[in-house]
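Just so you know, full-length UniProt numbering puts the end of the sequence shown at 100, numbered straight through with nothing missing.
All C-beta atoms, glycine included, are put in the ideal place defined by N, C-alpha and C.
A quick note: this is a predicted structure, and the numbers were derived from the prediction, not measured.
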Amino acid sequence: MKTRKIPMRKDIVSGEMVPKKELVRVVRNKEGEVSLDPTGKKNGRGAYIALDREIAKKAQQQKVFEKAFSQAIDPAFYEELYAYVDHQQARKELFENDAD
């Protein structure tokens, strides 16, 4: 059976290439709105970040998204990012425990 190629993307905080499923896409549209893109299909400039709360905190401290999108980012966006990352980590742990 043919092995499938795993799509890889670069985490903009750590600079590492990571499987796309372990990342979340953040996108800036033409109107300048920055939002999470869990589907990976929204129009606009995208950047990927790992599903890890520590990396999300580091992104806020280092102003990674401000640099990537060349604009100020609303602090409410980071709260949404933290909530999404926490939710996805909890899901991952729950489903990994079910597989055992």
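Distance, residue j Cα to residue i Cα
i	j	result
Q3	A47	Here the sequence assigns Thr to residue 3, which means Gln is not the residue at that position. About 27 Å.
Q89	K30	30 Å
Q61	Q71	15 Å
D74	M1	48 Å
residue 124	R53	With the chain covering 1 to 100 only, the question about residue 124 has no answer from this structure.
Anticipated Cβ contact below 8 Å, residue i with residue j, distance rounded
i	j	result
V26	F65	6 Å
P38	K20	At roughly 12 Å, the Cβ-Cβ gap does not stay under 8 Å, so P38 and K20 are not in contact.
Distance CB(residue i)-CB(residue j) smaller than 8 Å
i	j	result
E80	L36	yes
F95	V34	no
V24	Y82	no
G44	R28	yes
Beta-ladder partner(s) of residue i, from DSSP
i	result
V18	R9
Exercise for review: With a floor of 4 residues, list each alpha helix (DSSP H) that falls wholly inside the UniProt domain "YlxR" (9 to 81), ordered by position along the chain.
Suggested key: The qualifying runs are 53 to 62, 64 to 69.
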